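Presented below is the structure to which this report refers.
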Amino acid sequence: MAAPPPPGALPPPLDSAAAAKLPPTEQPNPAYRQLYQAYADAYGSIDRLRRALDPAHRTLNGTDAWLGPEARQWGGQLDTQRGQLQKAADRILWDIYERLSATQRTIARV
22 MAAPPPPGAL
32 PPPLDSAAAA
42 KLPPTEQPNP
52 AYRQLYQAYA
62 DAYGSIDRLR
72 RALDPAHRTL
82 NGTDAWLGPE
92 ARQWGGQLDT
102 QRGQLQKAAD
112 RILWDIYERL
122 SATQRTIARV
């Protein structure tokens, strides 16, 4: 699963100038602004999560730090967990992206 589009691919929350041009029956949706900010924050930091197990992987595969059948078994488990972590990171982004994409930028003024 690939990562979703970057935050810039979605319309940004309405700024005060754009909000002033809305009809009197509409106002910016605060939920959209919160989701957009959450998506931008997550998108900017998700690579740290994706790479969290890379140092252990490099150490195990790039050195003679640990050899033998136990090392190979543990290495296989590490590879599996590393792949699952990367998929989970993408799923987090997709979940926020899908929710943001389904949220209206404006709501009815109450």
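In our numbering, the protein residues as written are 22 to 131.
Beta carbons are placed, not taken as given, at the ideal position from N, Cα and C, and that holds for glycine.
Since the structure is predicted, the reported quantities are computational estimates derived from the model, not experimental observations.
Counted within 10 angstroms of its Cβ, other Cβ atoms place residue 25 as buried (16 or more) or exposed: Per the 10 Å Cβ criterion, buried.
Backbone secondary structure at residue 127 - three-state DSSP: Three-state DSSP puts residue 127 in a strand.
In this structure, what does DSSP give as the bridge partners for residue 47? DSSP, once it has assigned bridges, lists 129 as partnering residue 47.
Contact defined as beta carbons within less than 8 Å: I believe residue 53 pairs with residue 34. What is the distance between those atoms, to the nearest angstrom? Going by Cβ atoms, the distance from residue 53 to residue 34 rounds to 6 Å, so yes, they are a contact pair.
In terms of alpha-carbon separation, which member of 64, 62, 65, 97 lies closest to residue 77? Of 64, 62, 65, 97, the residue nearest in Cα terms is 97.
Over the uninterrupted alpha helix (DSSP H) stretch that includes residue 83, give me the two end residues. Segment 75-83, the alpha helix (DSSP H) holding residue 83.
Does the region 56-73 come close enough to the region 108-116 to have 3 or more Cβ pairs within less than 8 Å? Enough Cβ pairs lie closer than 8 Å, so yes.
Hey, how far is the Cα of residue 23 from the Cα of residue 32? Each residue's Cα considered, the two are about 21 Å apart.
Sequence-distant residues of its chain with Cβ nearer than 8 Å to residue 130 (five each side left out): Within the same chain, residue 130 has close Cβ partners 45, 46, 47, 48.
Please classify residue 28 as buried or exposed, where buried requires at least 16 neighbouring CB atoms within 10 angstroms. Residue 28 should be labelled buried.
Is the beta carbon of residue 74 closer than 8 Å to that of residue 121? In this structure, residue 121 lies away from residue 74, with their beta-carbon atoms at least 8 Å apart.
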